[in-house]
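S.K.: Okay, here's the structure, questions in a sec.
Protein chains: 2
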Amino acid sequence: MIEWEAAQCPQKYQQPMALIAGTLEGSGTQTHIMELVKELGLDTFPQYNIGKKVHHMGGPGARVRTYRNSIPALSPLVLRDLTQFLWKIDRLCATVRVEDPSKTPNAVELDSVTLHSYTEKHVWTAELKEELALCSRSVFGMEPSQMSFLFFLMYAAAAGGLLPLLENTAGSAQEFKIKGGTQQLSECLAERVGLRNVRLRAAVTAIWQDAEWARVTIAAAGAAATFSCRAAIVTCPPHLAAKIHYDPALPSRREFLTQNMPVGHMIKFIITYQTAFWKEKGFSGEIVAGSSTDCPFCVTFDATSPGGNAALVGFIAGRQASQWGSKEAGQRRNAVVSSLVKYLGPEAASFIHFEERDWAAEAYSGGCPVNVMAPGLLTYYHPSLRKPCGRIYWAGTETATQWCGYMSGAVQAGERAALEVLAELRPTGLEPEE
Amino acid sequence: MIEWEAAQCPQKYQQPMALIAGTLEGSGTQTHIMELVKELGLDTFPQYNIGKKVHHMGGPGARVRTYRNSIPALSPLVLRDLTQFLWKIDRLCATVRVEDPSKTPNAVELDSVTLHSYTEKHVWTAELKEELALCSRSVFGMEPSQMSFLFFLMYAAAAGGLLPLLENTAGSAQEFKIKGGTQQLSECLAERVGLRNVRLRAAVTAIWQDAEWARVTIAAAGAAATFSCRAAIVTCPPHLAAKIHYDPALPSRREFLTQNMPVGHMIKFIITYQTAFWKEKGFSGEIVAGSSTDCPFCVTFDATSPGGNAALVGFIAGRQASQWGSKEAGQRRNAVVSSLVKYLGPEAASFIHFEERDWAAEAYSGGCPVNVMAPGLLTYYHPSLRKPCGRIYWAGTETATQWCGYMSGAVQAGERAALEVLAELRPTGLEPEE
């Protein structure tokens, strides 16, 4: 295992790195979720990222490297390749119209190729290709072959650029965690709505509409119930929204949309220890491993909560989830622990508890973390993403234009859909209040 | 309008054309449907293809060409480009394992790019690119951007090559029609099964399974009914099978599969006339028009039935269906008729009747003619295509390995699924009869 410091990077690559750091500082932040967190009186704490990060690419026998900065331990050649790639992506991102990607210059061509095709053409080094496949897997739970390049650009643009998606530093996707866990968001919101108004363990099976009402049928523990309302907001991801029976049927453009938005596949695990031995050894707990290695997961982070157990969290994603998801739980756990021992030392074998969750195995999740768009969708069917269908309105993070795919996007989308409903339902004959 | 005969083709391109003709003669034929047609006592008649074919590519102002052979009126350069492309595709098709495409050499790479990306890389002329987009539209109801290149190869391989998909000559997709119409196939089969055993206008909404039974719930005109059986064969296309509620839930690999198989979009029209004036003028009735022209349809054929009205059938497909599908019916009809007048003469304006069908507008069709596979699907989730889920078996033309996407494929798939069920249900302890 060798350590690779930014200082080792030759002088001529210092400038691109400063440029990258500059991009980060200027990036957007997750304002919608942060406002909600504040409103609900919750506290955040930063993702722990002090110490050495582990980086393993290029096959099972390749050297395991460590680094301390936000730039991985890449050779000068790969670093140059990365800098150029980021520059190209940032330039393209700046041209994307997130609200209507079909208006992006050259949209049809950008939407006709996969992210894989783009990187094959514009990335020179095998290591950076592996690195980008890993990013795709850890951000989307998908391989670069499975999504439209225009979708990828739109997703990055909605986050303020590509780097904010990938980093855990200021202004980026993984910057903060919520003290006590993110489930408090749902719990606090449910309390505000009134717990008696929230139905849990009840699946919406059908939505019927007529001139007066939307009627929502739910199936709960064998019994069905129907609720009548003036408007319904569907917040579940597109592949689940597609399973609801709509009467009258939704417009075909909406159906084509949901047929072209597959969800990612990620298995999350949390492993707890008596002590955060990795911190004592100078590691941050962040490990990234390419699919060419024999490591089942693509990424881990420190997950020690304030006052709680020492823990690491990690993800088995994309083709690795497809491959490992069908194996026995014990086999998966042993493979994860072996890799942790390899990267962090023999202490990793003495864990207290290993917990995993494969959302794909849950009928009403079906996957995670987000639905992507297959090639050719944005060009032809994107306008149906947020367009209400009669009394049915669409929310969910996939419909967001800022931090699409993240909790912040879900909040933005919910607020937008709520405003649409309020505007529609205001008493006729009255002007909206100033 | 100029006529372009094969004889005009320079000597050095005669050989590739012979090669193409050779491919056709050796192609597979639609044996499964032909056997069923024979068994049911139905008659076929060949698709009328005598006379000049109209060919319009390269923009609204481009010359409208006509030709008589199976090779379109292409310039020597485009013809050479086509010959090379067909040669490459045929070579690749020969390597595809239709039963398990993930075993094809280089499968991951072939499945990571769209058909569009492949043609951008391997086709030199803009005209051939337009030609191939038209083929994609008329065969799949989709743009080349919307499907995996490996899927395209598998589909062609299942038909015996690319040319059989595109032609209406011996051994190819559009060779025969059924006297009296293809609906007779369903009618005759329903009679054999017993009409009282066939439920029409009844949608399957749920399939429940336990150790003993599969229970199929259908919703018909407001009332629901449940049928218990030992095995259920689901024959509807993947995007509709995905809408059925399964309890217990299907394995996630099957769900990922249906999320990645969008259906095509085609609007079919039939226009009838007092006389087949096009035949009198030496036209076959076949028109192909690229999307760069102002013609709404991509292809028409003669559809005069024996002893019936003179008629033409045509298709508005892919991005043209997306564009024209949302317009008024009258506007669509006028655009179709204008184009027919332009290509076949002023007689086309005096039609008797214009009938169209947009299957995308029907809730229980949702599109046509076939579901394709988005990039990245075949590599990871293809094994779930035909794999039974407990007491549920999968048929439908998308699951066929010969003439996948065609009626012949549907028959092959149905026979395969029926055999699977028979093998499973045979009394235990008994050996199958010799």
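Line order of the protein sequences matches chains A and B.
Taken in order, the first sequence gives residues -11 to 422; the numbers are from this note's numbering.
Taken in order, the second sequence gives residues -11 to 422; the numbers are from this note's numbering.
Heads up, the beta-carbon is just placed ideally off N, CA and C, and yes, glycines get one too.
Out of A:G333, A:S314, A:A291 and A:N297, point me to the one whose CA is closest to A:Q162's CA.
M.R.: A:A291
S.K.: From B:D198 to A:L141, what distance separates their C-alpha atoms?
M.R.: So the alpha carbons of these two residues sit roughly 46 Å apart.
S.K.: Jot down the residue ranges of each uninterrupted alpha helix (DSSP H) in the segment 240 to 325 of chain A, minimum 4 residues, whole runs only, in chain order.
M.R.: 240 to 247, 265 to 268 and 307 to 312
S.K.: If the criterion is Cβ atoms closer than 8 Å, does the pair A:V42 and A:Y331 meet it?
M.R.: yes
S.K.: Just to make sure I have the definition right: I need the residues of chain B whose C-beta is within less than 9 Å of the C-beta of A:Q319. Which are they?
M.R.: Residues of chain B passing the Cβ test: none, with the nearest at roughly 17 Å.
S.K.: Closer than 8 Å, CB to CB, is B:N248 near chain A or not?
M.R.: yes
S.K.: Based on Cα-Cα distance, which residue from A:E175, A:E268, A:G393 and A:S279 lies nearest to A:G333?
M.R.: A:E268
S.K.: From the DSSP output, in three-state form, read off B:D88 for me.
M.R.: If DSSP states are grouped into helix, strand and coil, B:D88 belongs with coil.
S.K.: Short of 7 Å in beta carbon distance, which residues of its chain neighbour B:Y394, apart from the five on each side in sequence? Order them along the chain.
M.R.: The answer, listed in chain order, is Q18, A161 and T385.
S.K.: Under the DSSP definition of a beta bridge, which residues are partnered with A:T34?
M.R.: Here the sequence assigns Pro to residue 34 of chain A, which means Thr is not the residue at that position. A:P34 is bridged to A:F164.
S.K.: Give me, in chain order, the residues of the same chain whose beta-carbon lies closer than 8 Å to that of A:A95; leave out the 5 immediate sequence neighbours on both sides.
M.R.: P89, L138, L366 and T367
S.K.: With DSSP as the reference, identify every bridge partner of B:V341, one or two as the case may be.
M.R.: A small correction: the amino acid at residue 341 of chain B is His; Val does not occupy that position in the sequence shown. Answer is B:T260, bridged to B:H341.
S.K.: Does the beta carbon of A:V101 sit closer than 8 Å to a beta carbon anywhere in chain B?
M.R.: yes
S.K.: For the pair the segment 60 to 75 of chain B and the segment 95 to 113 of chain B, tell me if three or more CB-CB distances fall below 8 Å.
M.R.: They touch, by the three-pair rule.
S.K.: Going along chain B, which residues have a C-beta under 7 Å from A:A351?
M.R.: A237
S.K.: With 16 other CB atoms within 10 Å as the buried threshold, where does B:E179 fall?
M.R.: By the beta-carbon neighbour count (other beta carbons within 10 angstroms, threshold 16), B:E179 is exposed.
S.K.: Quick check on DSSP: helix, strand or coil for B:A405?
M.R.: helix
S.K.: Using a Cβ-Cβ cut-off of less than 7 Å, give me the residues of the segment 88 to 114 of chain B that come near chain A, in sequence order.
M.R.: D99, S100, V101, T102, H104 and S105
S.K.: Since I believe B:S272 is in contact with B:Y36 (beta carbons under 8 Å), could you give me their beta-carbon distance rounded to a whole number of angstroms?
M.R.: 7 Å
S.K.: Kindly list the residues whose CB is nearer than 6 Å to the CB of B:R241, restricted to its own chain and excluding five residues on each side of it in sequence; keep chain order.
M.R.: The beta carbon of B:R241 sits closer than 6 Å to the beta carbons of Y369 and S372 from its chain, once the five residues preceding and following it are set aside; these are given in chain order.
S.K.: My output table needs one value for B:K41: the three-state DSSP class, helix, strand or coil.
M.R.: strand
S.K.: Please confirm if A:S134 has its CB atom under 8 Å from at least one CB of chain B.
M.R.: In the sequence under discussion, the amino acid at residue 134 of chain A is Gln, which differs from the Ser named in the question. Interface residue, yes.
S.K.: Are there 16 or more other CB atoms within 10 angstroms of the CB of A:I340, so buried, or fewer, so exposed?
M.R.: exposed
S.K.: Taking the runs of the beta strand (DSSP E) that are 3 residues or longer, which of them lie wholly in the segment 207 to 233 of chain A?
M.R.: 211 to 217 and 220 to 222
S.K.: Give the C-beta separation of B:I255 and B:G318 to the nearest angstrom, bearing in mind that I take them to be a contact with Cβ-Cβ under 8 Å.
M.R.: Not quite, the Cβ-Cβ distance comes to about 14 Å (not below 8 Å), so this is no contact.
S.K.: Leaving out the 5 sequence neighbours to the left and right, which residues in its chain are closer than 6 Å to A:R446 when beta-carbon positions are compared?
M.R.: Since the displayed chain A opens at -11 and closes at 422, residue 446 of chain A lies outside it and no answer follows.
S.K.: My assumption, with CB atoms under 8 Å, is that A:L74 sits in contact with A:L150. Please give the rounded CB distance.
M.R.: Taking C-beta atoms under 8 Å as the contact rule, A:L74 and A:L150 qualify, at a distance of about 6 Å.
S.K.: On the premise that B:P250 lies in contact with A:N248, defined as a C-beta separation below 8 Å, what is that separation, rounded to the nearest angstrom?
M.R.: 5 Å
S.K.: Quick check on B:E131: buried or exposed, where buried means 16 or more other Cβ atoms within 10 Å of its Cβ?
M.R.: buried
S.K.: Does the segment 220 to 239 of chain B touch the segment 215 to 233 of chain A, meaning 3 or more C-beta pairs lie closer than 8 Å?
M.R.: yes
S.K.: With C-beta atoms as the reference, is A:T83 less than 8 Å away from A:T92?
M.R.: Contact: yes.
S.K.: Return the first residue and the last residue of the beta strand (DSSP E) that A:Q197 is part of.
M.R.: For A:Q197, the enclosing beta strand (DSSP E) begins and ends at A191 to Q197.
S.K.: For B:Y352, does the three-state DSSP call read helix, strand or coil?
M.R.: coil
S.K.: Exposed or buried, which one is A:F215 when buried takes at least 16 other CB atoms within 10 Å?
M.R.: exposed
S.K.: Spell out whether any CB of chain A is found under 8 Å from the CB atom of B:I195.
M.R.: no
S.K.: Answer yes or no: do A:F342 and A:G252 have a C-beta to C-beta separation smaller than 8 Å?
M.R.: no
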